[in-house]
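If you count by my numbering, then the sequence shown holds residues 66 to 304, one letter each, in order. Cβ coordinates follow ideal geometry from the N, Cα and C atoms, glycine included. Every value quoted in this text rests on a predicted model; they were computed, and no experiment measured them. Contents: one structure, followed by commentary.
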Amino acid sequence: MLISDELKEKFEAAKRVCVLTGAGISAESGVPTFRGGGNVAVWKGMPFDQISSVRMVRENLAEVWEWFDYRRGFLKDCQPNAAHFALAEWQNKFDDFTLVTQNIDGLHAAAGSRDVIELHGNINRAYCTCCERRFDIRGAIPHTPENCDECFAPLRPDVVLFGEMLPIGAFEKAEKKARSCDLFFIVGTSALVYPAAGLAELAKYSGASLVEVNPEETPMSGFCDETIRGKAGEVLPLF
Ligand code: OAD
């Protein structure tokens with residue numbers, strides 16, 4: 066795996082670094098991606114963007130929970146991989162380091178990353194569909210409690226579903242960092258879902274060098290200063 070001398074120099078000289086990760090960074094931990102290799106994830110015959118939608122929460126919350134509890138079930142046996150650990154080290158290397166993830170699996174924090182901006186929420190939290198109180202459901206599979214202990218309304222996963230806004234403040238914070246960084250890495254994401262993917266564009270238009278780490282080409286590849294065709298767990302520890 067070759068990292069160009071030019072990129073190595075940029076990496077060593079960088080003061081402000083931002084990284085956007087997607088499902089691919091957890092692939093080597095055994096977490097399935099949504100897309101890739103020409104395939105799209107399906108649950109009980111339903112494309113994942115149908116079961117992971119705000120409409121399904123309204124129409125069939127039990128089914129939505131079944132899908133998320135299933136994912137929580139296999140995630141409990143998944144550990145962070147070399148890519149997560151490499152990024153946890155990067156946070157101590159630069160004057161300003163920001164890790165933004167689209168992942169809801171909590172593996173960055175498990176590897177030791179601090180202050181991760183989780184754009185799409187976290188699978189181990191739920192919130193009340195009425196009063197929006199948050200609940201930590203880590204370790205409870207299937208999830209408990211099922212209902213809010215204050216207003217008794219059903220809980221739902223604290224994740225961003227198709228048709229919903231991002232958590233208040235999360236994108237704004239990430240956007241500010243993307244606009245001011247020297248180096249922006251886009252790792253393990255198909256770069257198809259906005260506004261997350263737009264952070265890479267913002268960074269590039271604001272003057273940062275843009276680097277992609279992904280075994281496959283994405284719509285962002287042609288826009289990058291460097292593309293490294295490889296697995297995150299093999300590439301990131303090389304820096
Ligand atoms: P995707 O599943 O769309 O894309 C995964 C990407 O990871 C693909 O481009 C793969 O080529 C790449 N990949 C696979 N293995 C890899 C490895 N070992 N190292 C590096 N890259 C690898 O995942 P996201 O881009 O994260 O949103 O998807 C974005 C959003 O779409 C998700 O957050 C989720 C989904 O809908 C919500 O649930 C709201």
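Beta carbon of LEU172 nearer than 9 angstroms to that of SER94: Residue 172 sits at position 107 when you count from the first residue of the sequence shown. Residue 94 sits at position 29 when you count from the first residue of the sequence shown. Contact: yes.
Keeping to the same chain, check which residues put their C-beta closer than 7 angstroms to that of LEU140; ignore five residues upstream and five downstream. Sequence index remark: in the sequence shown, residue 140 carries index 75 (1-based). VAL96, ASP170 and ILE188, listed in sequence order.
May I ask you to check if the CB of PHE99 is nearer than 8 angstroms to at least one heavy atom of the ligand OAD? Against the sequence shown, residue 99 aligns to sequence position 34. At least one heavy atom of the ligand OAD is nearer than 8 angstroms to the Cβ of PHE99, so yes.
Hey, would you say the C-beta of VAL129 is under 8 angstroms away from at least one heavy atom of the ligand OAD? Within the sequence shown, the letter at position 64 stands for residue 129. Checking the Cβ of VAL129 against the ligand OAD gives no.
Let me make sure I understand the geometry here. Which of ASP114, THR166, GLY101 and GLY138 has the alpha-carbon closest to that of ALA265? For the purposes of this step, residue 265 is taken as the residue at position 200 of the sequence shown. Selection ASP114, THR166, GLY101 and GLY138 evaluated against ALA265 yields THR166 as nearest (Cα-Cα).
Can the beta-carbon of LEU220 be found closer than 9 angstroms to that of THR194? The residue given as residue 220 occupies position 155 in the sequence shown. The residue given as residue 194 occupies position 129 in the sequence shown. Yes, the pair counts as a contact, with Cβ atoms nearer than the cut-off.
Residue interval of the alpha helix (DSSP H) (run including LEU225): One-based indexing of the sequence shown puts residue 225 at position 160. In the sequence on display, residue 225 carries Val and not Leu. Counting along the chain, VAL225 falls outside any alpha helix (DSSP H), and DSSP gives it neither H nor E.
Taking 8 angstroms as the line, does the beta carbon of LEU303 fall inside it for any heavy atom of the ligand OAD? Locating residue 303 in the sequence shown gives position 238, counting from the first residue. No, since every heavy atom of the ligand OAD falls outside the 8 angstroms radius drawn around the Cβ of LEU303.
Are the beta-carbon atoms of LEU301 and CYS289 separated by less than 9 angstroms? By 1-based counting over the sequence shown, the position of residue 301 is 236. By 1-based counting over the sequence shown, the position of residue 289 is 224. Not closer than 9 angstroms, so no.
For ARG136 and PHE113, the rounded distance between their alpha carbons: Position 48 of the sequence shown, counted from the first residue, corresponds to residue 113. Position 71 of the sequence shown, counted from the first residue, corresponds to residue 136. Cα to Cα, PHE113 sits roughly 12 angstroms from ARG136.
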